[in-house]
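Numbering (this note's numbering), first residue to last: 303 to 674.
What follows is the structure in structure tokens.
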């Protein structure tokens, strides 16, 4: 297939630091190419992903993050440059709405954020012309009336992540510097457990800096160390030598990529059973999930878990290969459906099992309701 991928305008693909969606798009592009498909990527022009880039795109605009005009201008350029592809997978929010008028091929989109009342309105509006992909069962359960075509968990290149020893004598926190991610709770949990905590966090936005200075920085000391935002090499080293990843999230996170990164290094996860966490962590085998106030007692138990089980779970359920295969299966169905010829009354023409042409009633069911 010739696959068009659309990323947002604000962060290059792959991201230099924080950028979960862009990391997933990069993994998909590389995986599709490795599987023998052609990929055309509509992303910021300073992206370094090996896929060919749509021409005339602008460099990343991090200062415009979240601005509608920036995204709309970006996706219009993207669709102009995606002529001739068989399928478009748009990872923006505005793109699928624009695509209804200009898309040259079937379109799929992934819900990367939470399904709020406002975002659910948008996905319901685009569902008639766009296949919608969820990233966790918990996420899609938040708005059951949004017609999700399939749930596909995120994946990553697990084989490229080094396995750590877990003998560093500390636990780690990796995420964004904000209340929802639970960094404040992580400090208190580790302190109660008497285990040193090392914190790696994105801290660029003004509200993130303010939260750090007013709430987190006064609590730092010999048992709670802030390392800043780390690149992949340093991040995987931090995770791999940790006794556990401490992930006391305080919101229903649609998918916790940091958890599969930790499992890939062989490090178990200790966190709250919120959002996608129960779909990622096998309680009692690859980590422990429980209420925030109980997590300090679970940290020593996590250190005794079999690290090979953590790595094996990541390889089996959260690899790039599995994620790529799931997407290709869906793309093939969408392309096949788009190529069914039509007769004047709106019925579809197809071949029966013996090769005879038959005319059936218009299809009204979704491509697939399978959830993976």
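Ideal Cβ positions, reconstructed from N, Cα and C, are used throughout, including at glycine. Just so you know, these numbers come straight off a predicted model, no measurement behind them.
Spatial neighbours of residue 516 in its own chain (CB-CB distance under 8 Å, excluding positions within 5 residues in sequence) are not present. By the beta-carbon neighbour count (other beta carbons within 10 angstroms, threshold 16), residue 568 is buried. When the beta-carbon positions are compared, residue 612 and residue 548 stay at least 8 Å from each other. Out of 596, 344, 593, 559, the CA that lies nearest to the CA of residue 582 is found in 559. C-alpha of residue 538 to C-alpha of residue 641: approximately 44 Å in a straight line. Around the Cβ of residue 437, a 10 Å sphere holds 16 or more other Cβ atoms; the residue is buried. Around the beta-carbon of residue 323, 16 or more other beta-carbon atoms lie within 10 Å, marking it buried.
In the DSSP assignment, residue 485 falls within the alpha helix (DSSP H) that extends over 485-495. Per DSSP, the continuous alpha helix (DSSP H) segment holding residue 377 begins and ends at 370-382.
Per DSSP, reduced to three states, the secondary structure at residue 363 is coil, with no helix or strand assignment. By the criterion of a C-beta distance shorter than 6 Å, residue 571 is surrounded in its chain by 547, 549, 561, 564, 583, 589, once the five residues flanking it on both sides are discounted.
Cβ contact annotation for residue 448 (same chain, cutoff 6 Å, sequence separation greater than five): 422, 425, 426, in chain order. Residue 528 is bridged by DSSP to 501.
In the three-state DSSP reduction, residue 422 falls in the helix class (H, G or I).
With respect to the 8 Å criterion, residue 495 and residue 598 are classified as neighbours on the basis of their beta carbons. Taking a C-beta distance under 8 Å as the contact criterion, residue 308 and residue 386 do not qualify as a contact pair. With 16 or more neighbouring CB atoms inside 10 Å of its own CB, residue 578 falls in the buried class. Residue range 508-513 is occupied by the alpha helix (DSSP H) that includes residue 510. The Cβ atoms of residue 566 and residue 460 lie closer than 8 Å to each other. Here residue 412 carries a strand assignment [DSSP, helix/strand/coil]. Residue 442 sits away from residue 410, with the two beta carbons spaced by 8 Å or more. Going by DSSP, residue 474 is part of the beta strand (DSSP E) stretching over 473-478. Ranked by Cα distance from residue 469, the first of 328, 523, 609, 481 is 609.
Collapsing the DSSP output to three states places residue 543 in a helix.
Using a C-beta cut-off of 8 Å, the segment 625-641 makes contact with the segment 389-396, since at least three inter-stretch Cβ pairs fall below that distance. Judged by DSSP secondary structure, residue 633 falls within the alpha helix (DSSP H) whose first and last residues are 622-640. The straight-line gap separating the alpha-carbon atoms of residue 490 and residue 499 is approximately 10 Å.
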